[in-house]
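Asks: Counting in this note's numbering, the sequence shown tops out at residue 435, every number present.
All C-beta atoms, glycine included, are put in the ideal place defined by N, C-alpha and C.
All figures in this text were calculated on a predicted structure; none of them were measured in a lab.
Sharing a structure here in structure tokens format.
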Amino acid sequence: MERKEKPKNYLEKQEKINIPEFINLTCSEAEEGAKLKKQISEIDDLSYVSKEILESATFDTTFHWPKKLPEGFDPEKLMEERKNPGLGIRKLHEEGITGKGVIVGLIDQRISTSHSEFRNNIISNKEYYEPETLKDDTEVSMHGLGVTSLLVGKNCGVAPDANVVYGAINAETDGFLGYIRALKDIIEYNKNNEQKIKIVSVSKGFSKNIPGVNEWLELKNDAKKLGITVIDSDYFAENSITGGGSKINKDQFDDYELPLFYEDSQKKTPSLRDVESKVSLMSEDFQKKFFDQYKTYQNYIDTFNNNYLIVPCDYRAMASKEGNNEYRCDAKGGWSWAIPYFAGVFALALQINPDLKNEEFLGIVRKIAGKNKDGVKVINPIGIIDAIQKDLTE
């Protein structure tokens, strides 16, 4: 097969080109990102790059694509397809199950409340910055816009009619200090309002060295006793929930895979040969512990499949900080994008049964989960709603 000649431009000078990384930088406002964005805007031809590589790039709707692109690669169509939350969420919306009447707490970085995805959903937006001088910083966050639109966005959100009490924090320097203040205010909100906040979406990772982490964990327990479920990375870890995505058909369980941030060797359920080989290389003490716990290699695989639950985070489109009607396309997501999806499904469930408890919801989620082609569980929003409706009528 004859190889296409590369155009004479900046890319030609690179010995090894990582196209996704190159394009991803165009979403950055850093000086380097601005230079790269200008250089790419002068390119006429990217048709020599494979369609699959470009589909794994991060880009937004302000990006100026070259005139010549790989056959079958349509960035506008791709953006629209990735706005779909997937797994039947839009079918539920058509049936009127949109989170209407539910208020969700959301704690994340500063947002613009005027984005078209959720401008009508934010009923409160308060900042919790330490030190207070950071209130003078008007910069909005890609991360905050992303989680908000994935939760309640009218085009890409799971619960587009749910309302949000938003707490803006500085995740870079304040640790959990801002989160603590925001959650305390949510607890106070429930004391002063008839309609209660029962779920809080927090796309935040954990480390023992983060300031305020112990107080945060204690406060979460206090909130739980008051009927408030905080859905964060700790919640995901405790309940064996992870991310994942479908590149092909976002409404089919079979096509979902474990998250792209996993190494290639971890993105598939291990085979019997893989497990046997790995265990045989371990110490006798490890092997004894392995068989004491799992008994057989097959039981280990079955345990893996039965414990993990995939929630969409890869191949998603969301609100962009570039403008009130702009969007960002992320191929490789993380728990940050999976957490608001899960919280959104919980919000849909609360629309059907406002008295639903976290333990009841988790039990239903596990019981009726779908499975991908490897046997790993995938969240089943339609099945969850059907099960809750059935329980109410019995």
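Count the CB pairs spanning the stretch 327–343 and the stretch 394–406 that are closer than 8 angstroms, and state whether there are at least three.
Replies: Result no; under three Cβ-Cβ pairs closer than 8 angstroms.
Asks: Looking only at its own chain, which residues have a Cβ that is under 6 angstroms from the Cβ of Ser361, when we skip the five neighbours before and after it?
Replies: Reading the sequence shown from its first residue, position 320 is the one you call residue 361. Excluding residues within five positions, the ones whose Cβ falls inside 6 angstroms are Asp101, Glu367, Tyr368, Arg369.
Asks: In whole angstroms, what separates the C-alpha of Ile144 from that of Lys291?
Replies: On the sequence shown, position 103 is the one that residue 144 refers to. On the sequence shown, position 250 is the one that residue 291 refers to. Between Ile144 and Lys291, the C-alpha separation is close to 27 angstroms.
Asks: Who does Phe100 pair with in a DSSP beta bridge?
Replies: For the purposes of this step, residue 100 is identified with residue 59 of the sequence shown, where counting begins at 1. Assignment of beta-bridge partners to Phe100 by DSSP yields Cys370.
Asks: Measuring CA to CA, which of Ser88, Trp376, Ile210, Asn413 is closest to Trp106?
Replies: As a first step, residue 106 is located in the sequence shown; it is residue number 65 there, counting from the start. Measuring from the Cα of Trp106, the nearest candidate turns out to be Ser88.
Asks: Taking 8 angstroms as the threshold (C-beta atoms), are Leu260 and Ile221 in contact?
Replies: For the purposes of this step, residue 221 is taken as residue 180 along the sequence shown, with counting starting at 1. For the purposes of this step, residue 260 is taken as residue 219 along the sequence shown, with counting starting at 1. Cβ atoms of Ile221 and Leu260: closer than 8 angstroms.
Asks: Please classify Asn211 as buried or exposed, where buried requires at least 16 other C-beta atoms within 10 Å of its C-beta.
Replies: What you label residue 211 is simply residue 170 of the sequence shown in a count that begins at 1. It counts as buried.
Asks: Going by other Cβ atoms of all chains shown within 10 Å of its Cβ, with 16 needed for buried, is Thr434 buried or exposed?
Replies: Indexing the sequence shown from 1 puts residue 434 at position 393. Exposed, since its Cβ has fewer than 16 Cβ neighbours within 10 Å.
Asks: Look at the alpha carbon of Glu279 and the alpha carbon of Glu93, and state the distance between them as a whole number of angstroms.
Replies: Within the sequence shown, numbered from 1, the residue matching residue 279 stands at position 238. Within the sequence shown, numbered from 1, the residue matching residue 93 stands at position 52. Pairing Glu279 with Glu93, the inter-Cα distance amounts to about 35 angstroms.
Asks: Considering only their Cβ atoms, is the gap separating Lys288 from Tyr356 smaller than 8 angstroms?
Replies: Mapped onto the sequence shown, residue 356 falls at position 315. Mapped onto the sequence shown, residue 288 falls at position 247. Cβ atoms of Tyr356 and Lys288: closer than 8 angstroms.
Asks: Per the DSSP calculation, Ser242 is bridged to which residue(s)?
Replies: Sequence index remark: in the sequence shown, residue 242 carries index 201 (1-based). Paired residues: Leu147, Ile272.
Asks: Less than 7 angstroms between C-beta atoms, sequence neighbours within five positions excluded: which residues of the same chain meet that for Arg123?
Replies: Within the sequence shown, residue 123 is the residue found at index 82, counting from 1. Cβ neighbours of Arg123 beyond the five flanking positions: Tyr356, Arg357, Ala358, Cys370.
Asks: Report the partner residues of Ile282 according to the DSSP bridge assignment.
Replies: On the sequence shown, position 241 is the one that residue 282 refers to. DSSP, once it has assigned bridges, lists Leu350 as partnering Ile282.
Asks: If Val243 and Asp273 are in contact, beta carbons under 8 angstroms, what's the gap, nearest whole angstrom?
Replies: What you label residue 243 is simply residue 202 of the sequence shown in a count that begins at 1. What you label residue 273 is simply residue 232 of the sequence shown in a count that begins at 1. Correct: roughly 4 angstroms between the Cβ atoms.
Asks: Using 8 angstroms as the threshold, is the stretch 252–267 in touch with the stretch 318–325, meaning 3 or more CB pairs across them?
Replies: no
Asks: Spell out the partners DSSP gives Arg222 in its beta bridges.
Replies: Locating residue 222 in the sequence shown gives position 181, counting from the first residue. Answer by DSSP bridge pairing: none, since Arg222 is not bridged.
Asks: Under 8 angstroms, do Ile351 and Asn250 count as touching if we go by C-beta distance?
Replies: Within the sequence shown, numbered from 1, the residue matching residue 351 stands at position 310. Within the sequence shown, numbered from 1, the residue matching residue 250 stands at position 209. No; because the gap between Cβ atoms is not below 8 angstroms, this pair is not in contact.
Asks: I'd like to know whether the C-beta atoms of Gly411 and Phe277 end up nearer to each other than 8 angstroms.
Replies: By one-based count along the sequence shown, residue 411 stands at place 370. By one-based count along the sequence shown, residue 277 stands at place 236. Contact check for Gly411 against Phe277 fails: the beta carbons are separated by 8 angstroms or more.
Asks: What residue does the alpha helix (DSSP H) around Ala472 start on, and which one ends it?
Replies: Not covered by the structure: residue 472. The range shown for the chain is 42 to 435.
Asks: Pick out whichever of Ser97, Gly385, Trp376, Val417 has its Cα sitting closest to the Cα of Lys245.
Replies: If you number the sequence shown from 1, residue 245 lands on position 204. Per the Cα distances, Trp376.
Asks: Classify Thr270: buried if its beta carbon has 16 or more other beta carbons within 10 angstroms, exposed otherwise.
Replies: Working through the sequence shown from its first residue, we reach residue 270 at position 229. Under this definition Thr270 is a buried residue.
Asks: In chain order, what residues of the same chain lie with their CB nearer than 7 angstroms to the CB of Gln430, ignoring the 5 residues before and after it?
Replies: Residue 430 sits at position 389 when you count from the first residue of the sequence shown. Closer than 7 angstroms at the Cβ level, and outside the excluded window around Gln430, lie Ile393.
Asks: Have a look at Arg151 and Asp343 and give me their C-alpha separation to the nearest angstrom.
Replies: Here residue 151 refers to the residue found at position 110 of the sequence shown. Here residue 343 refers to the residue found at position 302 of the sequence shown. Whole-angstrom Cα-Cα distance: 42 angstroms.
Asks: Would Leu313 and Ile138 qualify as a contact pair, given that the criterion is a beta-carbon distance under 8 angstroms?
Replies: Position 272 of the sequence shown holds residue 313. Position 97 of the sequence shown holds residue 138. In this structure, Ile138 does not lie closer than 8 angstroms to Leu313 by Cβ.
Asks: Going by other Cβ atoms of all chains shown within 10 Å of its Cβ, with 16 needed for buried, is Thr337 buried or exposed?
Replies: To locate residue 337, count along the sequence shown from 1; it is residue 296. Exposed is the call here.
Asks: For Ser153, which of helix, strand or coil comes out of DSSP?
Replies: As a position in the sequence shown, residue 153 is number 112, starting the count at 1. Reduced to three states, the DSSP call for Ser153 is coil.
Asks: Let me know if Asn161 comes out buried or exposed under the rule of 16 or more other beta-carbons within 10 Å of its beta-carbon.
Replies: By one-based count along the sequence shown, residue 161 stands at place 120. It counts as exposed.
Asks: Which residue's Cα is closest to the Cα of Asn346: Leu299, Pro381, Leu391?
Replies: Taking the first residue of the sequence shown as position 1, residue 346 is located at position 305. The shortest Cα separation from Asn346 among Leu299, Pro381, Leu391 belongs to Leu299.
Asks: Just to confirm my understanding: we take Gly416, look at its own chain, exclude 5 residues before and 5 after, and list those with CB closer than 7 angstroms. What are they?
Replies: Counted from its first residue, the sequence shown places residue 416 at position 375. So the qualifying residues of the chain are Thr310, Asn346.
Asks: So, is Thr214 buried or exposed, given that buried needs 16 or more other C-beta atoms within 10 angstroms?
Replies: The residue you call residue 214 lines up with position 173 of the sequence shown. Looking at its Cβ environment, which holds fewer than 16 other Cβ atoms inside 10 Å, Thr214 is exposed.
Asks: Ordered along the chain, which non-local residues of its own chain (more than five positions away) have a Cβ less than 6 angstroms from that of Leu301?
Replies: For the purposes of this step, residue 301 is taken as residue 260 along the sequence shown, with counting starting at 1. Counting only Cβ-Cβ distances below 6 angstroms, and skipping sequence neighbours, we find Asp355, Lys373.
Asks: State the CB to CB distance for the pair His184 and Asn365, rounded to an integer number of angstroms; the pair is presumed to be in contact (CB under 8 angstroms).
Replies: As a first step, residue 184 is located in the sequence shown; it is residue number 143 there, counting from the start. As a first step, residue 365 is located in the sequence shown; it is residue number 324 there, counting from the start. Not a contact, Cβ separation roughly 17 angstroms.
Asks: Is the beta carbon of Thr189 sitting closer than 8 angstroms to the one on Phe217?
Replies: Working through the sequence shown from its first residue, we reach residue 189 at position 148. Working through the sequence shown from its first residue, we reach residue 217 at position 176. No; because the gap between Cβ atoms is not below 8 angstroms, this pair is not in contact.
Asks: By DSSP's criteria, Met359 is part of a beta bridge. Which residues make up the other side?
Replies: Counting from one through the sequence shown, the residue named residue 359 turns up at place 318. Note: Met359 sits in a beta bridge opposite Arg369.
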